[in-house]
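Participant: Below is a structure I'd like to ask you about.
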Amino acid sequence: MSQSPIFVQAEDVLHWMNETCAAKIQPGLERMEWMLEKLNHPERRCKFIHIAGTNGKGSTAAMISSVLREAGYKTGLFISPYVIRWNERIQVDGKPISDDSFVKWANYLYPFIQEMIDEGPGAPSPFEYWTLVALCYFAYEEAPWFIVWETGLGGKWDATNIVIPLVSVFTQIGLDHREFLGDTITDIAREKAGIIKSGVPVVSGTICRDAAQVIKSVAEEKNCRLYEVNKDFSITLLEQTADFQIFRFTNIYQNLPSLKIPLKGSHQLQNAATAIMTLEVLRQNYATVLEEMHYERGLSQVVWPGRLEKVGENPFILLDGAHNPDGMKALAKAIQELNTYDRCIAMIAMMRDKQIEEILQPLIPLVDQFVITEVANVPRSMSAHELAEQVKAIAPEKEVNVFASASEGLTFMKQHALDHDLLLITGSLYLVSEVRSLLTKE
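Just so we're aligned: 154 in full-length UniProt numbering is position 154 of the sequence shown, and the numbers increase by one with no gaps anywhere.
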């Protein structure tokens, strides 16, 4: 008689994860290595495109995935965090893992996890668990041709760093998660450069000189062919329309004279350059068939929710998950480029471990009124009143309104906004996810 499954519904697994998985981040690969040995190394069945960076990882991953799918390659995608629903962390050809598959692989992993807790190196972190589910799903069920594989935090000790990829990719590197990665750009870049493997090509899209130098140094040490932005590849904006940014891409292999993306902001052009160079490495090094039309169609159709995402008009409602200094600078620059609103009313919620003043500084001159709240069911969220006190201290001239929930804050914003105002929701992807859900229900 077969044993009854431990989990029946996805909610059972999520509840078990909250109860069982180690809540605190534990740097190190010992738990992943222990589990992969038990699982007969599912990662060895897959081909990975490994992406690290502080900002732009998700957008870059989405562009790479979209072009590969357009070219006919079945493509897996592993990202974090999610914006709409938890299962979008693990996707194949743009479709999130189903509840049934999630439950199936959770039941498969359960006895190994119990053994790991009882006799091995201890309980996995939630992110390690997601990584293990993704590996089993990709390797043993879906078998995609490529997997676009995004790091969670850092690089060297990140749970995803148990693969030998086809190419290692770096997006913009800045200051974030300092308690884990270090206090300087150089320290953080060195940690992220830990994903570089001997002899594996490296694409560096970071424009920060200190970070780029670290990546270059590690790539040279490990005998990797390095492709650097503004040296081996570049992008030139040709035109901006209401719906697209149109640009030219040039690299050492070819010139793509006119491509377009529906994503807003000059930072997305940098992400596009990094994505295209990564695809060019696949084309040149791994006989991947990619024609100009695949780039054109794949990039023009890319979707990435929660990043400069327009979700309403009259008033203009904009969602952006900026949550670190560079992300907020990019958001502020993009808002200035919009220049199509009268007042900006910004809803903000942030995590307790963030440098509030440093992050919000670029945004303050653009905001007429702050709506401060907190994220429901996220223990890391700073309380609305504590955050409001900090905002008042750094922007005493601004009107600050405080609400215990995002729902109350959103109602206030809508009641006080005029048709030509900009309603901005930012500071945390958790907040963006919550507000997006509220707006969808409406």
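Built from N, CA and C at the ideal position, the CB exists for glycine as well. Keep in mind that this is a model prediction, so the values were computed, not measured.
(1) Where F146 and G76 are concerned, what is the direct C-alpha to C-alpha distance, given to the nearest angstrom?
(2) Where are the beta strand (DSSP E) runs, 3 residues long or more, that stay fully inside the segment 86-113, in chain order?
(3) Hey, L308 and A334: beta-carbon distance below 8 Å or not?
(4) Would you say the segment 340-359 touches the segment 198-215, given that touching needs at least three Cβ pairs under 8 Å?
(5) Cβ of residue 450 within 8 Å of Cβ of A330?
(6) Three-state secondary structure (DSSP) at I195?
(7) Taking contact to mean at least 3 C-beta pairs separated by less than 8 Å, is the segment 15-30 in contact with the segment 157-169?
(8) Per DSSP, A346 is paired with what?
(9) On the DSSP letters alone, give me the boundaries of the beta strand (DSSP E) that I364 sits inside.
(10) Between the alpha carbons of D210 and R190, how many angstroms are there, rounded?
(11) By how many angstroms is the C-alpha of K231 removed from the C-alpha of A273?
(12) Apart from the five residues on each side of it in sequence, which residues of its chain come closer than 6 Å, Cβ to Cβ, to L68?
(13) If I measure Cβ to Cβ from N251 and keep anything under 7 Å in the same chain, skipping five residues before and after, which residues do I get?
(14) For M351, name the three-state secondary structure that DSSP assigns.
(15) So the beta strand (DSSP E) I6 belongs to, where does it begin and stop?
(16) Please report how far the alpha carbon of L319 lies from the alpha carbon of S437, in whole angstroms.
(17) Checking 8 Å against the spacing of the C-beta atoms, do S204 and L226 come in under that value?
(18) In terms of alpha-carbon separation, which member of G120, E337, Y341, I261 lies closest to S59?
(19) Alpha carbon to alpha carbon, what distance is there between L175 and I394?
(20) Report all residues from its chain with a CB closer than 7 Å to the CB of V367; omit the five preceding and five following residues, and keep chain order.
(21) Taking buried to mean at least 16 other C-beta atoms within 10 Å of its own C-beta, is A384 buried or exposed?
(22) Identify every run of the alpha helix (DSSP H) within the UniProt domain "Mur ligase central" (146-278), keeping only runs that are complete inside it and at least 4 residues long; order them along the chain.
(23) By DSSP, does E399 sit in helix, in strand, or in coil?
(24) Check N285 in the structure and name its three-state DSSP category.
(25) Does the segment 44-52 come close enough to the segment 167-174 to have 3 or more Cβ pairs within less than 8 Å?
(26) Please classify E389: is it buried, with 16 or more other beta-carbons within 10 angstroms of its beta-carbon, or exposed?
(27) Could you tell me whether the segment 11-22 touches the segment 113-125, where touching means 3 or more Cβ pairs closer than 8 Å?
(28) Mapping DSSP to helix, strand and coil, what is E142?
(29) Locate the alpha helix (DSSP H) running through I79, then write down its first and last residues.
(30) In the structure shown, what three-state DSSP assignment does S125 receive?
(31) Please classify T206: is it buried, with 16 or more other beta-carbons within 10 angstroms of its beta-carbon, or exposed?
(32) Measure the Cβ-Cβ separation of V375 and L290 and say whether it is below 8 Å.
(33) Hey, how far is the Cα of I162 from the Cα of P124?
Facilitator: The structure says:
(1) Numbered from 1 along the sequence shown, position 146 holds the residue referred to as residue 146. Numbered from 1 along the sequence shown, position 76 holds the residue referred to as residue 76. Each residue's alpha carbon lies about 6 Å from the other.
(2) 90-92
(3) Numbered from its first residue, the sequence shown carries residue 308 at position 308. Numbered from its first residue, the sequence shown carries residue 334 at position 334. The answer is yes: Cβ separation under 8 Å.
(4) no
(5) One cannot answer for residue 450 here, as it falls past the ends of the chain, which runs 1 to 442.
(6) As a position in the sequence shown, residue 195 is number 195, starting the count at 1. Looking at I195 - three-state DSSP - the assignment turns out to be helix.
(7) yes
(8) Indexing the sequence shown from 1 puts residue 346 at position 346. F370, L424.
(9) For the purposes of this step, residue 364 is taken as residue 364 along the sequence shown, with counting starting at 1. Note, I364: premise wrong, no beta strand (DSSP E); not H, not E.
(10) Reading the sequence shown from its first residue, position 210 is the one you call residue 210. Reading the sequence shown from its first residue, position 190 is the one you call residue 190. Each residue's Cα considered, the two are about 10 Å apart.
(11) In the sequence shown, counting from the first residue as 1, residue 273 sits at position 273. In the sequence shown, counting from the first residue as 1, residue 231 sits at position 231. Spanning the two alpha carbons is a distance of roughly 12 Å.
(12) On the sequence shown, residue 68 is found 68 positions in, with the first residue counted as 1. Answer for L68: T75, F146, listed in chain order.
(13) As a working note, residue 251 is residue 251 in the sequence shown. These residues qualify, in order along the chain: D232, F233, M277, E280.
(14) Numbered from its first residue, the sequence shown carries residue 351 at position 351. Reduced to three states, the DSSP call for M351 is strand.
(15) Residue numbering aside, residue 6 sits at position 6 when the sequence shown is read from its first letter. Counting along the chain, I6 falls outside any beta strand (DSSP E), and DSSP gives it neither H nor E.
(16) Against the sequence shown, residue 319 aligns to sequence position 319. Against the sequence shown, residue 437 aligns to sequence position 437. Cα to Cα, L319 sits roughly 12 Å from S437.
(17) Walking along the sequence shown from the start, residue 204 turns up at place 204. Walking along the sequence shown from the start, residue 226 turns up at place 226. A contact, by the Cβ cut-off of 8 Å.
(18) Along the sequence shown, read from residue 1 onward, the residue named residue 59 stands at position 59. Of the listed residues, the one whose Cα sits closest to S59 is I261.
(19) Along the sequence shown, one-based indexing puts residue 394 at 394. Along the sequence shown, one-based indexing puts residue 175 at 175. Whole-angstrom Cα-Cα distance: 20 Å.
(20) Mapped onto the sequence shown, residue 367 falls at position 367. Same-chain partners within the cutoff: C344, A346, K398.
(21) Translated into the one-based positions of the sequence shown, residue 384 becomes position 384. That one is buried.
(22) 178-181, 185-192, 209-221
(23) To locate residue 399, count along the sequence shown from 1; it is residue 399. Three-state DSSP puts E399 in a strand.
(24) Stepping through the sequence shown from its first residue, residue 285 is reached at position 285. In this structure, N285 counts as helix in the three-state DSSP scheme.
(25) yes
(26) Against the sequence shown, residue 389 aligns to sequence position 389. By the neighbour-count rule (16 or more Cβ atoms within 10 Å), E389 is not buried but exposed.
(27) yes
(28) The residue you call residue 142 lines up with position 142 of the sequence shown. If DSSP states are grouped into helix, strand and coil, E142 belongs with the helices.
(29) Position 79 of the sequence shown, counted from the first residue, corresponds to residue 79. First-last for I79: undefined, no H or E at that position.
(30) For this step, residue 125 is matched to residue 125 along the sequence shown. Residue state, collapsed to three classes: coil.
(31) Counted from its first residue, the sequence shown places residue 206 at position 206. With 16 or more other Cβ atoms within 10 Å, it is buried.
(32) Position 375 of the sequence shown, counted from the start, is the residue given in the question as residue 375. Position 290 of the sequence shown, counted from the start, is the residue given in the question as residue 290. No, these two residues do not count as a Cβ contact at 8 Å.
(33) Start at 1 with the first residue of the sequence shown, and residue 162 comes out as number 162. Start at 1 with the first residue of the sequence shown, and residue 124 comes out as number 124. Going by the C-alpha atoms only, they are around 15 Å apart.
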